[in-house]
Each structure stands twice: as structure tokens, then as C-alpha cells.
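Asks: Dropping the structure in here first, questions after.
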Ligand SMILES: Cc1cc2nc3c(=O)[nH]c(=O)nc-3n(C[C@H](O)[C@H](O)[C@H](O)COP(=O)(O)OP(=O)(O)OC[C@H]3O[C@@H](n4cnc5c(N)ncnc54)[C@H](O)[C@@H]3O)c2cc1C
């Protein structure tokens, strides 16, 4: 795996209320103490969080934090994507997470000039040359809509060749899924870093819902343990910390080129894993 310096990043979603925005400011201040390489802010497909994403990104950028906006293209057109790229370029943002996205139910892809993330990567490169470092998504347990694992890998390779610089994976709990995926991608010619995505465990019903939707498998032994805790949040968090800290340790020991934390806008669960890993400063 990669011998490049490791990259650590923390993901947020745009807050939906003033109160949530206030909480996010406190969260990001706590997380900034460990100096991640960057924070990222998600973007609802079809532009559903466009304003919230842009406002959150610009506020963080003004506060001096390294920030990478996510940009999903399904349901968007070239004009609106071009405007966003300009907004980010003008203030000096240099990193993007380029995605296809999933349209919210009821929203039609009709006017979309982009079908896949690879179309967006190509477009960003054509519009802005090498200005942005482009991250894309990777799926060690296979994207849920892919017909076969082999086709999904082929599509991932195509997306990297379209001009992506590095990738961040969907979260996973099966430790072998990641090194196998990286090995296959490397055999197919992808040398760029593929950073594992890490989901801290704090709430079982929410985790089960997300995992069903995004195709991340919760192994049976984990499900049974988590189900058994019922509403006992402390036990869920303690178990989640054990499982995730040991998964992260293993990934880093195997040479993973960093970690990307899906923070769910909470500082504590990510910091607890961080401190167990002895990663005082990235
Ligand atoms: C790190 C990370 C961050 C994310 N952030 C967001 C976010 O901010 N907002 C959001 O809405 N979603 C986000 N997602 C979720 C993501 O948008 C969904 O998983 C979505 O379903 C796929 O997006 P993608 O960019 O991976 O798509 P793609 O790479 O386009 O792949 C989508 C599917 O199409 C297939 N495919 C790709 N190219 C082709 C082709 N040429 N021909 C046929 N099939 C093809 C792939 O195999 C796959 O099944 C994120 C996911 C990850 C892992």
C-alpha cells in the first residue's frame, strides 16, 4: 500500500437550523485541536443542500480551517456546477469530493447532464485544470446498485482515470474488505491513495438504517451484540469504540494511507477513537 504521508479527515453534514449550526461550530472547534488534514462537508444530491453546504464550507474556510466541499452531480446541470466551482476557486479552496449522489425519492434525474461521478470528475478537470485535488468515493463491499463486483471495480478505475487524485471509501466493518479492494484496484492500475472511511458507532437503529441504504454489512456478531444493548447507549458506545479502534489500528498497521471519519457532526465518538489510536496530531 501507499508510502505517502497519511491523510486524516473529518466529515460533516450541513446543519439544518441555527441551533444545529451553533453545535457544529463547537464540534469543529473540538475536532480542529487534533489538526486533521481537512474537514469535508456533504452535499445533498440534486442540490438539496446547496446553500447549506456552501455556507458551511465558506464559514469554515473563513475561520482558517482546511475544508473540502462535497459536490454531487446527479440532477444538476453544467451551469450550476460551474458556478459552484467558481465560488470555491475564488476563495482559494483547493480540494473537492466529487460524487454522483442519490436523488431524494420523488426528484427526477431528468435535466441531469451528469450520469456518473466520472462525468463530474472529467468536467471539473476540463473547467479548472489542476486547481482542485479531486477525491472520489470507493466501495470495498461493492456499491449497492452495481450489477457485479467486477463491473463496480471497473467503474471505479474509470472514475480514477477520469482525473481523480485519491479516493475515500464507504464505511465497512469487515476488515478484509478494504485490503482486498485496494489490492484489486492496484492490480487494475490505480496507484492513488484509497483512504478508508470510518463510522463511529453511537446509535444502533440509525447505523442499521444507514448501512442497509449504503450497502455496508454489519456482521452478525456485531448486530447481535448491538441489539442486545437495547437502549443502553453507554454500552453501545463502549462496544463501538472497541470495535472501531481495533479496526482502525489494523487498517493503519496494514498501511492504509489515512482515515476519513464520518463524524455525524459529533466530536466525542471520533475523538475517542483518535485518542485510542495515539494520533495526537495528524
Ligand atoms: C466518501 C463518500 C462521501 C459521500 N458524500 C456524499 C454527499 O456529500 N452527498 C451525497 O448525496 N452522497 C454522498 N455519498 C454517497 C454517494 O453519492 C452514493 O453512494 C451514490 O450512490 C454513488 O455515488 P458515486 O459518486 O460513488 O457514484 P458513481 O461512481 O457514479 O457510481 C454509482 C454507480 O454507478 C455505477 N457506474 C459508474 N460509472 C458507470 C458507467 N460508466 N456505466 C455504468 N455504471 C456505472 C457504479 O458501479 C455504481 O454502482 C458519499 C459516499 C462516499 C463513499
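Residue numbers (the working numbering): 80 to 361. Even for Gly, the Cβ is constructed at its ideal location relative to N, Cα and C. Quick caveat, the model's predicted, so the values are computed rather than measured.
1. Would you verify that the beta carbon of residue 176 is, or is not, closer than 8 Å to some beta carbon of chain B?
2. One question on the structure: do residue 203 and residue 163 come within less than 8 Å of each other, judged by their Cβ atoms?
3. Only counting runs of 4 or more residues, tell me where the alpha helix (DSSP H) segments fall wholly within the stretch 183-214, in order along the chain.
4. Note down, in chain order, each residue of its chain lying with its Cβ closer than 8 Å to the Cβ of residue 331, except the 5 sequence neighbours on either side.
5. Candidates 295, 283, 296 and 227: which alpha carbon is nearest residue 316's?
6. Check whether the stretch 199-219 touches the stretch 240-259, taking contact to mean three or more Cβ pairs, one atom from each stretch, closer than 8 Å.
7. Compare the beta carbon distance of residue 179 and residue 205 with 8 Å and say whether it is the shorter of the two.
8. At 4 residues or longer, and completely inside the stretch 98-141: list those alpha helix (DSSP H) runs for me, N to C.
9. Starting from the C-beta of residue 117, find all residues in its chain whose C-beta is less than 7 Å away, skip the five residues before and the five after it, and write them out in chain order.
10. Does the distance between the C-beta of residue 234 and the nearest non-hydrogen atom of ligand 1 fall short of 7 Å?
11. Between which two residues does the beta strand (DSSP E) harbouring residue 337 extend?
12. According to DSSP, is residue 268 part of a helix, a strand, or is it coil?
13. Tell me, please, which residues DSSP counts as bridged to residue 246.
14. What do you reckon, is the C-beta of residue 261 under 7 Å from a heavy atom of ligand 1?
15. When DSSP builds the beta bridges, which residues end up paired with residue 151?
16. From which residue to which residue does the beta strand (DSSP E) around residue 90 run?
17. Residue 146 by DSSP, collapsed to three states: which one?
Replies: Looking at the atomic coordinates:
1. Structure shown: chain B not included; a single protein chain is present.
2. no
3. 196-207
4. 85, 338 and 356
5. 283
6. yes
7. no
8. 129-141
9. 88, 145, 146, 147 and 174
10. yes
11. 337-341
12. coil
13. 215 and 273
14. no
15. 178
16. 86-91
17. strand
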